[in-house]
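A.B. asks: Numbering (the working numbering), first residue to last: 3 to 186. Where is the CB? At the ideal position from N, CA and C, for every residue including glycine. Quantities reported herein were computed from a predicted structural model and do not represent experimental measurements. Here it is, the structure in full.
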Amino acid sequence: MESVLTETNERMQKSLDAFDSNIATIRTGRANPDVLSRIGVSYYGTNTPLNQLATVSSPDPRTLLITPFDKSVIQDIEKAVQESDLGFNPSNQGEAIYITVPALNDDRRRELVRTAKNMAEEAKVAIRNIRRDSNVELKELHAENLLTEDDVRLGETEIQKLTNQFTSDIDEHLNRKENDIMEV
């Protein structure tokens with residue numbers, strides 16, 4: 003039973019980590035280098051993640067600075083940022099690209115909050131699916147006479163506690179992100 007609980011905990015933690023990395027890419031009112039992590043740049047015919055071609059930093063709360071490792075790819079990076087759905091207008095300064103992050107309007111803020119809530123719901127569904135799989139695994143162990151009925155009930159209770167914990171963690175992370183998005 004311990005192995006089932008350990009595996010359940012690990013899988014739920016991976017779901018929470020995936021949720022965190024997904025909501026990190028949602029734009030807030032402040033400049034955040036993670037927002038550009040999903041942008042792919044055509045580099046010698048291959049779609050390459052921006053963070054493998056350049057460093058992205060935030061010198062101030064409203065500016066992102068992209069410094070390519072290879073200066074010959076700067077036009078491709080600029081084009082990829084313009085074509086992304088982030089609404090940024092990059093400024094090519096020869097050696098680096100500056101992006102001034104515009105303030106979000108209310109409609110865009112609400113849309114981003116809705117996107118974050120959808121991501122949270124997907125993460126919760128993943129957590130519940132892991133719970134279901136783990137409960138089925140416990141019942142299979144009981145059917146093979148490796149666990150008693152009391153052990154199965156105890157395991158299901160522990161799995162439900164994990165589910166509740168990770169669901170509340172997702173809600174907590176979502177609330178933090180909502181506050182960041184709605185902050186003017």
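1) Taking contact to mean 3 or more Cβ pairs, one atom from each stretch, closer than 8 Å, check whether the region 64-83 and the region 107-117 are in contact.
2) From residue 93 to residue 67, what does the alpha carbon distance come to, in whole angstroms?
3) Does the structure place the region 115-126 close enough to the region 97-105 that three or more beta carbon pairs sit under 8 Å?
4) Going by DSSP, name the residue or residues bridged to residue 42.
5) Between residue 164 and the rest of its own chain, which residues show a CB-CB distance below 8 Å, the 5 nearest in sequence each way excluded?
6) Our contact map puts residue 137 next to residue 161 with C-beta atoms below 8 Å; I'd like the distance itself, whole angstroms only.
7) Examine the Cβ distances between the region 169-177 and the region 49-56 and report whether three or more of them are shorter than 8 Å.
8) Count the other C-beta atoms from every protein chain shown that fall within 10 angstroms of the C-beta of residue 57, then say buried if there are 16 or more, exposed otherwise.
9) Suppose the cutoff is 7 Å on Cβ atoms and the five residues either side in sequence are ignored; what does the same chain contact list for residue 139 look like?
10) Under a Cβ-count criterion, where at least 16 other Cβ atoms within 10 Å of its own Cβ denotes burial, should residue 71 be classed as buried or exposed?
11) Mind checking whether residue 185 and residue 31 have CB atoms under 7 Å apart?
12) Using a Cβ-Cβ cutoff of less than 7 Å, which residues in the same chain neighbour residue 36 once the five nearest sequence positions on both sides are dropped?
13) Our contact map puts residue 125 next to residue 18 with C-beta atoms below 8 Å; I'd like the distance itself, whole angstroms only.
14) What are the residues that DSSP puts in a beta bridge with residue 62?
15) Near residue 61, which residues of its chain fall below 7 Å by C-beta distance, leaving aside the five closest residues on each side in sequence?
C.D. replies: Taking the definition as stated:
1) no
2) 10 Å
3) no
4) 51
5) Counting only Cβ-Cβ distances below 8 Å, and skipping sequence neighbours, we find 7, 10, 11, 14 and 133.
6) 6 Å
7) no
8) exposed
9) Excluding positions up to five away in sequence, the list reads 6.
10) exposed
11) yes
12) Cβ within range, chain order: 26 and 27.
13) 7 Å
14) 65
15) Closer than 7 Å at Cβ, skipping near neighbours: 67.
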